[in-house]
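Working notes, beginning with the structure itself.
What follows is the structure, given as structure tokens:
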């Protein structure tokens, strides 16, 4: 955001700054260290509710006009004001959206305090009010003020009509979004609850949480373009991690047999409704498991989160439709499902097998309208996955495990024990997008070295998503790694699956370009 000058300020901003200066000139603190507050608005409303929470609103055990001797101090942001001569009304709101009416009368607060309220406060200011709990003549729970103090003078006005703020403005000014919109607060709390549920589920199954490096000397663990930074102290380039996988496997080698990490990954790639350069990722590794065990863990985790946060495995999407995450989930193999979709949409095309040549696959890609980059060296496995993605992925609305991927695109994955040319890998799709992935991990260090060398050749042919050879990781594997199932799930995408929201609505502060 550019530096402000007085000329840049709106009339409202200048007006509010003048009020701030007035408060300071009178020796009154516009931003005190502490304010009078004995109870939250929510606690006060609950105390005087006539019915249990969740069974109606606005019903209190005070009769209209009834007064109590219960003196409290409350604080909140002014969301509504009405000044009528000797009596002023205001609605205060606290962080969770709970609101409460306060009333300031000449008889109770005195002439000076009432005049100051009228002159010094604006919508958006945060104030503290001390007074007696009463019910207004209309039966609204209220605090009849005896005194008030400024807690924080707002120098920017709140939106007059929040509907005028578009999605970009809501994302860019999330703090305003949280103040004004209940859905924004609900989305933020849902994310917090889901992350807590993820941890609760995993620790309940004896997984332990660890932290691994964000800054890495090599980028590995996934096929993605990294962000590069520079360490002045070490005089070397470092990479923001694209995945924690290789470090978590080191943990398994060292004897931490059920391990997970829930933290940020960074990938220097596209931004759209389901991708963000910075995202929260869950990775789990369990010794003595296979990709089938990993798939069950992911299914159970998603269903647990739905029940824990929403009370059911059937969740409601923004358009009101219900989405069922319960029961057993569909399983399909990559090559057969690709051929089924290919013949349905483009009859007469040759069958795709593990023996299909690069030229045959490029021909199919051309027929279906898939552009193949000339300078990235796509081979059989990459072409098969891209063709499958083009034909099938957005058709997978119900929860579906896609299994048995090409070896070439799964360099960290064990070969299938029964089917040559494919690996023991799954991708989980929900509502048309990939939610999670998992493997029977490759634990043979000799074959792992060969796979890394294959990736190096792809990089030499222009594939900037190819993995690099990591000698330290190979040294760890040479110590001996037990059979292991590994899984990864995007937490942002888990929120998308559970709520039906786009990725920018599931993240409090997604990356946006600076305002010019």
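In our numbering, the protein residues as written are 280 to 795.
Virtual Cβ for every residue (Gly too), placed ideally from N, Cα, C.
1) Report the option in 327, 613, 560, 650 whose CA atom is closest to the CA atom of residue 767.
2) Can residue 667 and residue 617 be called in contact, C-beta distance under 8 Å?
3) To test your reading of the DSSP string, which unbroken beta strand (DSSP E) runs of 3 or more residues are found completely within the stretch 392 to 471?
4) In terms of residue numbering, what span does the beta strand (DSSP E) encompassing residue 369 cover?
5) Roughly how many angstroms separate the alpha carbons of residue 488 and residue 445, rounded to a whole number?
6) Tell me, to the nearest whole angstrom, how far the beta carbon of residue 508 is from that of residue 497; I am working on the premise that it is less than 8 Å.
7) Taking its Cβ as the centre, do 16 or more other Cβ atoms sit within 10 Å of residue 785, making it buried, or is it exposed?
8) Where residue 735 and residue 691 are concerned, what is the direct C-alpha to C-alpha distance, given to the nearest angstrom?
9) Residue 623 lies in the alpha helix (DSSP H); which residues open and close that run?
10) Could you pull the start and end residues of the beta strand (DSSP E) that residue 602 belongs to?
11) Quick one: what does DSSP say residue 501 is sitting in, helix, strand or coil?
12) Closer than 6 Å by C-beta to residue 375: which residues in its own chain qualify, once you throw out the five before and the five after it? Chain order, please.
13) Roughly how many whole angstroms lie between the Cα atoms of residue 713 and residue 320?
14) Is the stretch 309 to 326 in contact with the stretch 448 to 460, if contact means three or more CB pairs nearer than 8 Å?
15) Taking just the CA atoms, how far does residue 371 sit from residue 287?
16) Reducing DSSP to helix, strand and coil, say where residue 776 ends up.
17) With DSSP run on the structure shown, which of helix, strand or coil describes residue 704?
18) Does the stretch 653 to 668 come close enough to the stretch 633 to 645 to have 3 or more Cβ pairs within less than 8 Å?
19) Could you compute how far the alpha carbon of residue 401 sits from the alpha carbon of residue 357?
20) If we define contact as Cβ-Cβ less than 8 Å, is residue 433 a contact residue for chain C?
21) I'd like the span of the alpha helix (DSSP H) that includes residue 537, first residue to last.
22) Determine, using beta carbons only, whether residue 753 and residue 728 come nearer to each other than 8 Å.
23) I need the boundaries of the beta strand (DSSP E) containing residue 767, first residue and last residue.
24) Select from 721, 298, 380, 422 the residue whose C-alpha is nearest the C-alpha of residue 349.
25) Using the C-alpha atoms, what's the distance from residue 750 back to residue 671?
26) Counting along the chain, where does the alpha helix (DSSP H) carrying residue 752 start and finish?
27) Hey, residue 473 and residue 774 are a contact pair by Cβ (cut 8 Å); roughly how many whole angstroms apart?
28) So, for residue 440: in the same chain, excluding its five sequence neighbours on each side, which residues have a beta-carbon less than 6 Å away from its beta-carbon?
29) Measuring CA to CA, which of 490, 625, 658 is closest to residue 647?
30) For the candidate residues 481, 476, 298, whose alpha-carbon lies nearest to that of residue 584?
31) Rounded to whole angstroms, what is the Cα-Cα separation between residue 725 and residue 540?
32) Residue 405 and residue 431 look like a contact to me (Cβ under 8 Å); what is the Cβ gap, rounded to whole Å?
33) Between residue 793 and residue 506, what straight-line distance do the alpha-carbon atoms span, to the nearest angstrom?
34) Can you tell me the Cα-Cα spacing of residue 486 and residue 322, whole angstroms?
35) For the alpha helix (DSSP H) that contains residue 583, what are its first and last residues?
36) Skipping 5 residues on each side, what residues in its chain have a beta carbon closer than 6 Å to that of residue 409?
The answer reads as follows:
1) Translated into the one-based positions of the chain shown, residue 767 becomes position 488. Answer by Cα proximity: 560.
2) Position 388 of the chain shown holds residue 667. Position 338 of the chain shown holds residue 617. At a Cβ-Cβ threshold of 8 Å, residue 667 and residue 617 count as neighbours.
3) Listed in chain order, they are 405 to 414, 420 to 431.
4) For the purposes of this step, residue 369 is taken as residue 90 along the chain shown, with counting starting at 1. Residue 369 -> beta strand (DSSP E) spans 366 to 372.
5) The count along the chain shown starts at 1 and reaches residue 488 at position 209. The count along the chain shown starts at 1 and reaches residue 445 at position 166. In this structure, the CA atom of residue 488 is about 39 Å from the CA atom of residue 445.
6) Residue mapping note: residue 508 aligns to position 229 of the chain shown, counting from 1. Residue mapping note: residue 497 aligns to position 218 of the chain shown, counting from 1. With 8 Å as the limit, residue 508 and residue 497 do not qualify as a contact, their Cβ atoms being about 14 Å apart.
7) On the chain shown, position 506 is the one that residue 785 refers to. It is buried - the Cβ of residue 785 has at least 16 other Cβ atoms within 10 Å.
8) Position 456 of the chain shown, counting from 1, holds the residue named residue 735. Position 412 of the chain shown, counting from 1, holds the residue named residue 691. If I take the Cα positions, the gap works out to 14 Å.
9) Residue 623 sits at position 344 when you count from the first residue of the chain shown. Counting along the chain, the alpha helix (DSSP H) containing residue 623 begins and ends at 613 to 624.
10) Counted from its first residue, the chain shown places residue 602 at position 323. According to the DSSP assignment, residue 602 belongs to the beta strand (DSSP E) that extends over 601 to 603.
11) Locating residue 501 in the chain shown gives position 222, where the first residue counts as 1. Residue 501 falls in the coil class under three-state DSSP.
12) Along the chain shown, one-based indexing puts residue 375 at 96. Excluding sequence neighbours, residue 375 sits near nothing in its chain.
13) Working through the chain shown from its first residue, we reach residue 713 at position 434. Working through the chain shown from its first residue, we reach residue 320 at position 41. Approximately 42 Å between the Cα atoms of the pair.
14) Flag = no, the stretch 309 to 326 and the stretch 448 to 460 do not touch.
15) The count along the chain shown starts at 1 and reaches residue 287 at position 8. The count along the chain shown starts at 1 and reaches residue 371 at position 92. Their backbone Cα atoms lie some 30 Å apart in a straight line.
16) Position 497 of the chain shown, counting from 1, holds the residue named residue 776. Residue state, collapsed to three classes: helix.
17) Walking along the chain shown from the start, residue 704 turns up at place 425. If DSSP states are grouped into helix, strand and coil, residue 704 belongs with the strands.
18) As far as the Cβ criterion goes, the stretch 653 to 668 touches the stretch 633 to 645, which means the pair count is three or higher.
19) Position 122 of the chain shown, counting from 1, holds the residue named residue 401. Position 78 of the chain shown, counting from 1, holds the residue named residue 357. The alpha-carbon separation between residue 401 and residue 357 amounts to approximately 7 Å.
20) Absence of chain C from the displayed structure is noted, only one protein chain being present.
21) Here the question's residue 537 lines up with position 258 in the chain shown. First-last for residue 537: 537 to 545, but that is the beta strand (DSSP E), not the alpha helix (DSSP H).
22) Position 474 of the chain shown, counting from 1, holds the residue named residue 753. Position 449 of the chain shown, counting from 1, holds the residue named residue 728. In this structure, residue 728 lies closer than 8 Å to residue 753 by Cβ.
23) Within the chain shown, residue 767 is the residue found at index 488, counting from 1. Per DSSP, residue 767 is one residue of the beta strand (DSSP E) stretching across 763 to 769.
24) Stepping through the chain shown from its first residue, residue 349 is reached at position 70. Of the listed residues, the one whose Cα sits closest to residue 349 is 422.
25) Here residue 671 corresponds to residue number 392 of the chain shown, with the count starting at 1. Here residue 750 corresponds to residue number 471 of the chain shown, with the count starting at 1. Separation of residue 671 and residue 750 (C-alpha to C-alpha, rounded to the nearest whole angstrom) is 37 Å.
26) Translated into positions along the chain shown, residue 752 becomes position 473. Taken as a continuous stretch (DSSP letters only), the alpha helix (DSSP H) holding residue 752 covers 750 to 757.
27) Numbered from its first residue, the chain shown carries residue 473 at position 194. Numbered from its first residue, the chain shown carries residue 774 at position 495. Separation of the CB atoms of residue 473 and residue 774 is rounded to 6 Å, and the pair is thereby assigned contact status at 8 Å.
28) Here residue 440 corresponds to residue number 161 of the chain shown, with the count starting at 1. Unreliable positioning characterises residue 440 in this predicted model, as indicated by a pLDDT of 49, which lies under 50. The coordinate reading is nonetheless provided below. In the same chain as residue 440, and ignoring 5 residues on each side of it, no C-beta atom comes closer than 6 Å to its own.
29) Locating residue 647 in the chain shown gives position 368, where the first residue counts as 1. Minimum Cα-Cα distance from residue 647 among the listed residues 490, 625, 658 corresponds to 625.
30) Taking the first residue of the chain shown as position 1, residue 584 is located at position 305. It is 476 whose Cα lies nearest to the Cα of residue 584.
31) Counting from one through the chain shown, the residue named residue 725 turns up at place 446. Counting from one through the chain shown, the residue named residue 540 turns up at place 261. Each residue's Cα considered, the two are about 27 Å apart.
32) On the chain shown, position 126 is the one that residue 405 refers to. On the chain shown, position 152 is the one that residue 431 refers to. At roughly 4 Å, the Cβ-Cβ gap stays under 8 Å, so residue 405 and residue 431 are in contact.
33) The sequence position of residue 793 within the chain shown is 514, counting from 1. The sequence position of residue 506 within the chain shown is 227, counting from 1. Those two C-alpha atoms are separated by around 19 Å.
34) Taking the chain shown and counting its residues from 1, the one referred to as residue 486 is at position 207. Taking the chain shown and counting its residues from 1, the one referred to as residue 322 is at position 43. Roughly 37 Å between the two C-alpha positions.
35) Indexing the chain shown from 1 puts residue 583 at position 304. In the DSSP annotation of this structure, the continuous segment of the alpha helix (DSSP H) that includes residue 583 starts and ends at 570 to 589.
36) Taking the first residue of the chain shown as position 1, residue 409 is located at position 130. Hits under 6 Å: 315, 352, 425, 426.
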